[in-house]
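Just so it is clear: in the sequence shown, position 265 is 282 by this note's numbering, and no numbers are missing.
Where a beta carbon is used, it is the ideal one built from N, C-alpha and C, also for glycine.
Owing to the predicted nature of the structure, the values given are computational and were not obtained by experimental measurement.
Here's the structure, in structure tokens; my notes come after.
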Amino acid sequence: MDRGPVIIEAAINGITQKATNPNVARSAEEIAADALASFEAGAAIVHNHVAVNGDPRLVADEYLAAWAPVLEARPDALIYPTANAIDGVLNLEHLALLAATDKLRVSLCDPGSVNLGGVDEDGIPRGGFVYQNSFDSITEQFARATADRVGPSLAMYEPGFLRAAIAHWRAGTLPQGSMIKFYLATDRGYMGAPFGLPPTRLALDAYLEALGDCPVPWAVSVVGGDVVETGLAEYAVERGGHIHLGLEFFAGDRTPTNAELITEAVAVCDRLGVAVATCDQAAEILDLPRR
């Protein structure tokens, strides 16, 4: 297959708890060990959550504590956090604090809003959590990423998220180093309730049609499922995309490690005759800003 290396990104924990999968990393020590194992298995980018939220300085310090052993062993590592909230309101001050340390090259922006929650005994979506990112907030987040010289991961929970990102690309305000992640969700969704488009080839094709001639690198992810088992990892590679996986979103009848999931994605690339990107190659593919 005539294409460049495939970026494998591992979202190693998210809100997944050990009751769901005992292999999920929760402590700083576990996060460091799991991140290193993920890079060793073939991941080029690692995304993780920490237990602390609220005060931006404390949040940044918690991330730095988890990342220190990783960056000492792997100075090339691309690793980034999630969003933070103060009293339920989105707060991203920790991103600027992390960027100021020169340890952050990849960041995040979710360019839209979506209902998240669980389901009741009848399978009806319940819960009052609306993950909000107004158009003005998205513009501010993009400007922050540009100022911080980091490449944001752009999660596409719903198709409208992509429309907003493309508008910024056309206007020349999409930050350098951006990467698009298509979140195709099963009925399990993220917190239990479904959202967005289903994990099918047709759904990915629809996103790619909307993406059009926008050259921003993209990856596919299956929320509440298995991106390799669905065949979407293989299809994404065939279509020129990349792979997003990990215990944050994985669901199935087994309890794998992140390294095992990455190894399965590497095997897909090997079968297709496509190289797996190193951290340095991923930085080049994404055109991450130099620090």
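Have a look at residue i and residue j and give me their C-alpha separation to the nearest angstrom.
| i | j | result |
| --- | --- | --- |
| L88 | G71 | 25 Å |
| Y252 | V244 | 10 Å |
| V41 | P86 | 18 Å |
| A54 | K35 | 18 Å |
| D230 | Y207 | 30 Å |
| G269 | A28 | 16 Å |
| T272 | A116 | 34 Å |
| A8 | A49 | Because the chain here runs from 18 to 308, residue 8 falls outside it and cannot be looked at. |
| G135 | V239 | 18 Å |
| Q298 | P211 | 34 Å |
Less than 8 Å between the CB atoms is what I'm expecting for residue i and residue j, so what's the real figure, rounded?
| i | j | result |
| --- | --- | --- |
| V100 | L133 | A quick correction: the sequence has Ala, not Val, at residue 100. Their Cβ separation, rounded to whole angstroms, is 12 Å, which puts A100 and L133 out of contact at 8 Å. |
| V76 | V69 | 5 Å |
| A61 | T203 | A61 to T203, Cβ: 25 Å. No contact. |
| I155 | A113 | With 8 Å as the limit, I155 and A113 do not qualify as a contact, their Cβ atoms being about 17 Å apart. |
Please classify residue i as buried or exposed, where buried requires at least 16 neighbouring CB atoms within 10 angstroms.
| i | result |
| --- | --- |
| T37 | exposed |
| V285 | buried |
| D137 | exposed |
| G140 | exposed |
| V106 | exposed |
| S151 | exposed |
Closest by CA to residue i, which one among the options?
| i | options | result |
| --- | --- | --- |
| E79 | A102, H261, A45 | A45 |
| G21 | R308, W84, P306, I302 | I302 |
| L249 | R166, L219, A90 | L219 |
| I32 | V67, I24, E47 | V67 |
| N275 | E281, A282, G263 | G263 |
| E57 | E277, R288, D287 | E277 |
| G209 | A188, F266, H259 | F266 |
| W186 | L81, H261, L228, M173 | L228 |
| G59 | H111, L171, A300, I279 | I279 |
Closer than 7 Å to a non-hydrogen atom of the ligand SAM - does that hold for the CB of residue i?
| i | result |
| --- | --- |
| S238 | Of the ligands one can find in the structure shown there are none, so the ligand SAM has no counterpart to examine. |
Please confirm if the stretch 232 to 240 is in contact with the stretch 147 to 166, defined as three or more CB-CB distances below 8 Å between the two stretches. The stretch 232 to 240 makes no contact with the stretch 147 to 166; the number of CB pairs closer than 8 Å stays below 3.
Okay, do the stretch 186 to 196 and the stretch 140 to 154 touch, 3+ Cβ pairs below 8 Å being the bar? Inter-segment contact for the stretch 186 to 196 and the stretch 140 to 154 is absent: fewer than three beta-carbon pairs are separated by less than 8 Å.
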